[in-house]
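Going left to right, the sequence shown walks through residues 4 to 983 as the working numbering numbers them. The beta-carbon is built from N, C-alpha and C at its ideal position, and this holds for glycine as well. The next block holds one structure in the form of structure tokens; read it before the comments.
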Amino acid sequence: MPLLEPKPEALRPRTARAPSPDRVPDRQSSGTPAELRAALTALLGPEKVLWKISDLVRYASDASPYRFLPQVVLVPEDLDDISAILSYAHGNGRDVVFRAAGTSLNGQAQGEDILVDVRHHWRGIEVLDGGARARIRPGTTVMRANAALARHGRILGPDPASAIACTIGGVVANNASGMTAGTTRNSYRTVSSLTFVLPSGTVVDTGETEADELLRHAEPRLCDELLAIKAAIEADERLTARIRAKYEIKNTNGYRLDAYLDGSTPVEILRGLMVGSEGTFGFISEVVFDTLPLERLVSSALLFFPSLPAAAAAVPGFNEAGAVAVELMDGNTLRASVRVQGVPADWAGLPEGTTALLVEFRAPDESTLTAYEREAAAVVAGLDLVTPVVSVTNEFTRDAATVSGYWKARKAFVTAVGGSRPSGTTLITEDFAVPPSRLSEACEALLALQAVHGFDAAVAGHAAHGNLHFLLAFDAAKPSDVDRYAAFMDEFCTLVVDRFDGSLKAEHATGRNIAPFLEREWGTEATALMWRTKQAIDPDGVLAPRIVLDRDPRAHLRGLKTIPKVEPVADPCIECGFCEPTCPSEDLTTTPRQRIVLRREMMRQPGGSPVEAGLLDSYGYDAVDTCAGDSTCKLACPVGIDTGALMKSFRHLRHSPREERVAALTAQHFGAVEASARIVLRVADAVSRRAGDRLPAALTRLARKAVRPDLVPEWLPEIPGAASRTLPPTSRTRASAVYYPACVNRIFAGPPDAGTLSLAEAVVSLSARAGRPVWIPEDVSGTCCATIWHSKGYDVANAVMANRIVEAAWGWTAGGALPLVVDASSCTLGLAHEVVPYLTEDNRGLHREMTFVDSLVWAADELLPHLTVFRRTGSAVLHPTCSMEHLGDVGRLRTVAEACADEVVVPDDAGCCGFAGDRGLLHKELPDSATAREAAEVNTREYDAYLSANRTCEIGMDRATGHHYHSALIELEQATRPVL
Numbered sequence: 004m005p006l007l008e009p010k011p012e013a014l015r016p017r018t019a020r021a022p023s024p025d026r027v028p029d030r031q032s033s034g035t036p037a038e039l040r041a042a043l044t045a046l047l048g049p050e051k052v053l054w055k056i057s058d059l060v061r062y063a064s065d066a067s068p069y070r071f072l073p074q075v076v077l078v079p080e081d082l083d084d085i086s087a088i089l090s091y092a093h094g095n096g097r098d099v100v101f102r103a104a105g106t107s108l109n110g111q112a113q114g115e116d117i118l119v120d121v122r123h124h125w126r127g128i129e130v131l132d133g134g135a136r137a138r139i140r141p142g143t144t145v146m147r148a149n150a151a152l153a154r155h156g157r158i159l160g161p162d163p164a165s166a167i168a169c170t171i172g173g174v175v176a177n178n179a180s181g182m183t184a185g186t187t188r189n190s191y192r193t194v195s196s197l198t199f200v201l202p203s204g205t206v207v208d209t210g211e212t213e214a215d216e217l218l219r220h221a222e223p224r225l226c227d228e229l230l231a232i233k234a235a236i237e238a239d240e241r242l243t244a245r246i247r248a249k250y251e252i253k254n255t256n257g258y259r260l261d262a263y264l265d266g267s268t269p270v271e272i273l274r275g276l277m278v279g280s281e282g283t284f285g286f287i288s289e290v291v292f293d294t295l296p297l298e299r300l301v302s303s304a305l306l307f308f309p310s311l312p313a314a315a316a317a318v319p320g321f322n323e324a325g326a327v328a329v330e331l332m333d334g335n336t337l338r339a340s341v342r343v344q345g346v347p348a349d350w351a352g353l354p355e356g357t358t359a360l361l362v363e364f365r366a367p368d369e370s371t372l373t374a375y376e377r378e379a380a381a382v383v384a385g386l387d388l389v390t391p392v393v394s395v396t397n398e399f400t401r402d403a404a405t406v407s408g409y410w411k412a413r414k415a416f417v418t419a420v421g422g423s424r425p426s427g428t429t430l431i432t433e434d435f436a437v438p439p440s441r442l443s444e445a446c447e448a449l450l451a452l453q454a455v456h457g458f459d460a461a462v463a464g465h466a467a468h469g470n471l472h473f474l475l476a477f478d479a480a481k482p483s484d485v486d487r488y489a490a491f492m493d494e495f496c497t498l499v500v501d502r503f504d505g506s507l508k509a510e511h512a513t514g515r516n517i518a519p520f521l522e523r524e525w526g527t528e529a530t531a532l533m534w535r536t537k538q539a540i541d542p543d544g545v546l547a548p549r550i551v552l553d554r555d556p557r558a559h560l561r562g563l564k565t566i567p568k569v570e571p572v573a574d575p576c577i578e579c580g581f582c583e584p585t586c587p588s589e590d591l592t593t594t595p596r597q598r599i600v601l602r603r604e605m606m607r608q609p610g611g612s613p614v615e616a617g618l619l620d621s622y623g624y625d626a627v628d629t630c631a632g633d634s635t636c637k638l639a640c641p642v643g644i645d646t647g648a649l650m651k652s653f654r655h656l657r658h659s660p661r662e663e664r665v666a667a668l669t670a671q672h673f674g675a676v677e678a679s680a681r682i683v684l685r686v687a688d689a690v691s692r693r694a695g696d697r698l699p700a701a702l703t704r705l706a707r708k709a710v711r712p713d714l715v716p717e718w719l720p721e722i723p724g725a726a727s728r729t730l731p732p733t734s735r736t737r738a739s740a741v742y743y744p745a746c747v748n749r750i751f752a753g754p755p756d757a758g759t760l761s762l763a764e765a766v767v768s769l770s771a772r773a774g775r776p777v778w779i780p781e782d783v784s785g786t787c788c789a790t791i792w793h794s795k796g797y798d799v800a801n802a803v804m805a806n807r808i809v810e811a812a813w814g815w816t817a818g819g820a821l822p823l824v825v826d827a828s829s830c831t832l833g834l835a836h837e838v839v840p841y842l843t844e845d846n847r848g849l850h851r852e853m854t855f856v857d858s859l860v861w862a863a864d865e866l867l868p869h870l871t872v873f874r875r876t877g878s879a880v881l882h883p884t885c886s887m888e889h890l891g892d893v894g895r896l897r898t899v900a901e902a903c904a905d906e907v908v909v910p911d912d913a914g915c916c917g918f919a920g921d922r923g924l925l926h927k928e929l930p931d932s933a934t935a936r937e938a939a940e941v942n943t944r945e946y947d948a949y950l951s952a953n954r955t956c957e958i959g960m961d962r963a964t965g966h967h968y969h970s971a972l973i974e975l976e977q978a979t980r981p982v983l
């Protein structure tokens with residue numbers, strides 16, 4: 004064991020806790036049963052079988068209020084793996100549930116036996132016919148697919164609020180729709196063809212010309228039964244009419260019985276049935292969508308009403324005017340959304356009944372949009388709107404930032420309200436639809452019903468389609484609260500079905516939540532046909548039992564998860580999963596959601612339990628060490644939960660007093676550390692040039708084993724040599740700004756290309772060339788932005804350097820008279836924001852008076868307007884860093900690049916590289932995993948320049964792509980260097 008290896012017990016929760024009723028029992032502490040693990044490992048290989056108790060727990064939760072612990076989690080790579088899993092399940096009496104993003108809200112992505120992760124190896128999109136169609140793999144997010152289609156002026160029909168995280172497989176399997184899809188743009192209407200694997204292992208591609216012949220040969224009994232059910236439905240005029248009527252409004256409750264009416268052959272029927280089948284009929288491995296035009300001209304308004312019924316009553320007018328979206332948000336939703344960055348703070352004071360409609364018109368051209376706006380103005384003129392707070396305008400706008408802010412608040416509905424729920428309560432999301440003409444009446448009835456049962460639900464939804472969502476919070480650990488919820492659900496379902504003839508699930512699919520009420524909505528005859536269909540396709544019941552169909556009247560109350568209180572930064576989390584696609588360790592170890600899920604299970608356990616011990620054994624590496632700490636999760640989370648900050652605090656907990664003292668000494672004597680680092684790099688570079696990289700790599704590996712992998716960097720061939728000990732000469736006289744070369748650029752050399760200036764030389768040269776000279780203080784050596792210690796949780800050392808750099812900067816900038824230009828985006832972020840909590844009160848006052856400017860911003864805003872471009876390169880690919888995302892500076896990177904190159908590309912799969920300062924040197928597997936998709940996309944072609952603006956991120960991308968990345972400012976210096 005390494006000398007300084009931290010003890011797992013350091014991460015044991017320190018707060019008092021009582022065992023939760025839904026805690027994982029001790030008998031499951033060893034994870035997957037040995038016999039099952041051995042069989043599946045022999046079948047698939049060890050890397051595709053996740054068996055530790057921590058693996059099972061992190062997959063047990065999703066965005067729903069349910070929690071079921073699987074026996075094992077499998078990660079298949081291809082259809083052969085899927086067929087092998089299904090064959091094993093058939094032969095051994097097991098059942099299988101497929102899970103992609105885990106954003107489903109009704110428990111349909113949870114299983115109690117074999118859970119199959121179909122996200123990790125199932126991503127990809129192929130644009131067809133100039134964008135008219137797209138072939139998409141099931142693990143691809145809707146946002147990623149739309150990014151590829153946008154270049155062709157196209158978009159997918161389904162547009163769920165969770166588009167940032169939800170995947171195509173889940174969207175199709177649930178027939179999810181969203182804000183604008185309604186009943187005409189959803190998956191059922193826009194899927195052109197599907198490729199899927201039936202429970203028997205038969206693969207069906209509905210786009211094949213001979214698909215029916217192939218299916219008849221492989222599955223004759225299934226073909227006959229599907230046609231028999233079709234004939235039975237069509238022979239019953241009353242039932243046929245009922246089925247058609249049920250889909251005149253949004254409805255995802257049960258199976259799509261209209262597939263029997265719309266399809267004429269078994270393959271066509273199966274194509275329709277698979278949509279909305281929630282993984283109970285097969286695995287969807289590929290989807291071909293018919294896409295829709297992307298109408299880029301937009302006009303939107305957020306209109307405020309005195310009450311929910313009043314807002315609902317206004318919806319038909321906007322529908323008639325041609326609005327593409329009419330979204331409703333009640334007072335509880337609006338007040339909760341102040342947690343979302345950019346939402347006006349005065350919404351917190353909105354009166355109780357206040358409700359808003361977000362109304363949007365989209366058009367392909369100016370004249371059409373103008374006509375829509377005239378129609379909208381006429382509707383607004385007849386409304387009694389209110390202006391309860393100063394920020395309310397009740398006006399239509401085309402301003403993209405304002406419109407984006409409206410949608411950010413709307414899409415944060417579940418997370419914002421969930422984050423505001425009382426700590427320790429479980430969140431239930433209900434989803435129903437009524438005829439749009441009766442929406443106002445339904446709102447009044449819902450308000451009355453929730454009052455009877457003591458709920459104060461938040462309400463939002465797609466009002467244009469008569470589709471509302473509401474959220475209920477209760478304590479699942481209290482039987483009385485569960486009974487209250489059960490009583491509410493009984494009356495709610497009766498209300499929706501008997502009074503409004505509505506849909507109990509409009510777009511979130513049946514899941515476990517509404518399965519017991521399926522027959523209440525559809526009636527005995529139609530429900531029997533759904534059971535018959537399931538029997539025909541999956542006669543052994545292998546796929547997703549108790550999802551969609553369940554005869555237990557209390558099935559919706561089984562498996563409700565408790566939400567034990569955890570650290571304050573993470574406690575608001577509702578486990579929605581929006582954070583996961585942005586996380587650099589997503590495909591390596593754990594995601595932000597999973598880190599919180601694991602922590603909550605520790606809190607459910609009695610102290611010292613074998614389950615807690617098993618979780619702690621894995622948590623150090625899986626959660627803490629392999630977290631990049633870049634906080635991109637905070638950007639993706641609508642309520643700004645920063646799991647990266649939580650992991651840094653856990654790193655601090657694992658430090659011994661001796662480690663903290665040593666770290667503080669490195670901060671106090673950082674000048675010596677900096678000089679030593681350059682010496683080590685020079686020696687290592689000389690050795691690697693003469694003897695190759697094997698010797699320095701071997702030496703660092705030995706040191707890591709002896710000390711601790713999280714403390715000693717590993718030598719990588721891509722590590723550059725040492726930077727020059729001297730910085731370019733500058734003068735304080737007439738300087739427009741103070742230039743602070745970050746320590747990473749004072750230690751590591753720049754790109755190896757001949758004739759290229761160092762970054763410091765490039766910044767100085769560019770600034771002088773633009774008539775905005777900069778000054779480098781003589782005493783920058785030995786200072787740092789403190790990120791080195793902040794990222795590792797060394798609080799004392801962090802405070803030492805944070806205060807030193809702020810005091811030094813105060814002197815350099817003449818008390819804030821000059822801006823401080825920083826040449827590494829992570830250091831700009833550190834100086835501008837991350838140092839603040841560690842400053843003394845006096846130094847916080849100094850910090851407030853200073854301006855910290857990233858070198859990209861300095862170049863784009865201050866230099867570029869005064870520079871002449873003499874030479875341009877053909878193409879450039881960019882790697883925006885996570886720090887740029889936090890600072891909002893990605894646009895400046897593009898601006899600088901566009902001045903240098905004729906073509907500028909940001910990969911669709913660009914994300915955090917995971918290098919995170921020196922984290923990539925401590926755990927190289929993290930950036931290797933984080934950059935895999937971006938690198939694959941970059942390497943599909945050649946570029947003339949590979950640009951970023953952070954040296955360690957450039958090193959990470961060098962390693963990932965095999966190309967030399969360098970700062971965009973170096974490229975700008977070359978482009979504007981006068982021709983001699």
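Note on the stretch 371-422: whole alpha helix (DSSP H) runs with a minimum of 4 residues are 403-414, 416-422, in chain order. Residue burial is scored here from C-beta neighbours: Q977 has at least 16 other C-beta atoms within 10 angstroms and is therefore classed as buried.
Judged by DSSP secondary structure, A41 falls within the alpha helix (DSSP H) whose first and last residues are 37-47. Out of A817, V799, M804, the CA that lies nearest to the CA of W778 is found in A817.
For E957, the enclosing alpha helix (DSSP H) has its first and last residue at 954-964. Between I128 and T143, the beta carbon gap of about 6 Å places them in contact (Cβ cut-off 8 Å).
Per DSSP, T283 lies in no beta strand (DSSP E) and is assigned neither H nor E. In the structure shown, P930 adopts helical secondary structure according to DSSP, grouped into three states. Secondary structure of I644 (DSSP, three-state): coil. Straight across, the Cα-Cα distance linking V207 with R138 is about 15 Å. Taking the Cα of R515 as reference, the smallest distance to any Cα among P68, A41, S970, P16 is reached at P68. Looking at the DSSP output, A137 sits in a beta bridge with V130, F292. In the DSSP assignment, S878 falls within the unbroken beta strand (DSSP E) covering 876-881.
Separation of F918 and G408 (C-alpha to C-alpha, rounded to the nearest whole angstrom) is 31 Å. For a cut-off of 8 Å, the C-beta gap from R596 to K795 is around 23 Å, too long to register as a contact. For A789, the closest alpha carbon among the candidates D493, D756, R126, A666 is that of A666. In this model, A164 and G464 are separated by some 10 Å (Cα to Cα). In the DSSP secondary-structure assignment, V206 is bridged to V200. Exclusion of the five residues before and after M650 leaves R598, A626, V627, C630, G632 as the residues of its chain whose Cβ lies within less than 8 Å of its Cβ. Secondary structure note for H93: it is in no beta strand (DSSP E), and the uninterrupted alpha helix (DSSP H) holding it is 82-95. Non-local C-beta neighbours of A680 in its own chain, meaning closer than 6 Å and more than five positions away in sequence, comprise I750, ordered along the chain. Using a Cβ distance threshold of 8 Å, E298 and R413 do not count as a contacting pair.
Taking a contact to require three or more Cβ pairs closer than 8 Å, the stretch 696-713 and the stretch 723-737 do not qualify as touching. In the three-state reduction of the DSSP assignment, Y841 falls in the helix class. Sixteen is the threshold: when 16 or more other Cβ atoms of the shown chains lie within 10 Å of the Cβ of I287, as they do, the residue is buried.
Nearest Cα to H559 within the set M605, F491, L532, K537: F491. Distance from the CA atom of A479 to the CA atom of T429, rounded to whole angstroms, is 6 Å.
Under a 10 Å Cβ-count criterion, E281 is classified as buried, with 16 or more other Cβ atoms of the shown protein chains found around its own Cβ. Inter-segment contact for the stretch 317-335 and the stretch 359-376 is present: three or more beta-carbon pairs are separated by less than 8 Å.
In this structure, A820 lies away from L972, with their beta-carbon atoms at least 8 Å apart. The criterion of a C-beta distance shorter than 8 Å is not satisfied by R140 and V600. Boundaries of the beta strand (DSSP E) harbouring R102: 99-102, taken from the DSSP string.
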